[in-house]
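Student: Reminder that position 102 of the sequence shown reads as 128 in the working numbering, one-by-one numbering, no gaps.
Glycine is no exception: its CB is placed at the ideal position from the N, C-alpha and C atoms.
So that we are looking at the same thing, I have put the structure below in structure tokens.
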Amino acid sequence: MLMLTGCGGKDDVQGKTGEDITAKSSADDIGEAYINEMTRIADALEGVDDEASAKAAAKKMKVAIDGLNQMSDELDGEISGVKGMQIFGGRYAELVQVQGRIATSMIRIQSDHPELMDTISAEMDRMEN
Numbered sequence: 027m028l029m030l031t032g033c034g035g036k037d038d039v040q041g042k043t044g045e046d047i048t049a050k051s052s053a054d055d056i057g058e059a060y061i062n063e064m065t066r067i068a069d070a071l072e073g074v075d076d077e078a079s080a081k082a083a084a085k086k087m088k089v090a091i092d093g094l095n096q097m098s099d100e101l102d103g104e105i106s107g108v109k110g111m112q113i114f115g116g117r118y119a120e121l122v123q124v125q126g127r128i129a130t131s132m133i134r135i136q137s138d139h140p141e142l143m144d145t146i147s148a149e150m151d152r153m154e155n
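Right, dumping it as structure tokens:
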């Protein structure tokens, strides 16, 4: 189960993050870290409704995207095929939910606050995969 806390540590994420992952990490740890980083992005996007919140979200997203990119580099981009099934098989519902949250927020921001998209897109475009 994914848990976010309100007190310190890794930008308030409990559990594994991208910076914890190495080539020797287990599939379970990789899946946990990936979903935690994606959840940080979703949480940040859901709070965007003006320029200040977009800038704050971009800062939070930067940390998460740096973690995802570091994880991807550490794993040589190998999160596909059989490895992907091992990593996300048991967490597929969580993965789909968090991706849906991100997509919904991006659509909402684009529709309601198109002027904020440059701030948000600059970080989203940094994702390696």
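Taking Cβ to Cβ, would you say MET153 is nearer than 9 Å to ASN62?
Tutor: No, these two residues do not count as a Cβ contact at 9 Å.
Student: For LYS42, which three-state DSSP category applies?
Tutor: coil
Student: Please determine, among ALA49, THR48, GLU58 and SER51, the residue with the shortest C-alpha to C-alpha distance to GLN40.
Tutor: GLU58
Student: From what residue to what residue does the alpha helix (DSSP H) around LEU71 run?
Tutor: 53-72
Student: Which value, in whole angstroms, describes the spacing of the CA atoms of SER79 and ARG66?
Tutor: 14 Å
Student: To the nearest angstrom, report how far apart ASP144 and ILE91 are at their CA atoms.
Tutor: 16 Å
Student: Shorter than 9 Å from the beta carbon of ALA78 to some beta carbon of chain C?
Tutor: Absent from the structure: chain C. Only one protein chain is present.
Student: Across the stretch 67-76 and the stretch 117-135, are there enough close Cβ pairs to call them in contact, namely three or more that are closer than 8 Å?
Tutor: yes
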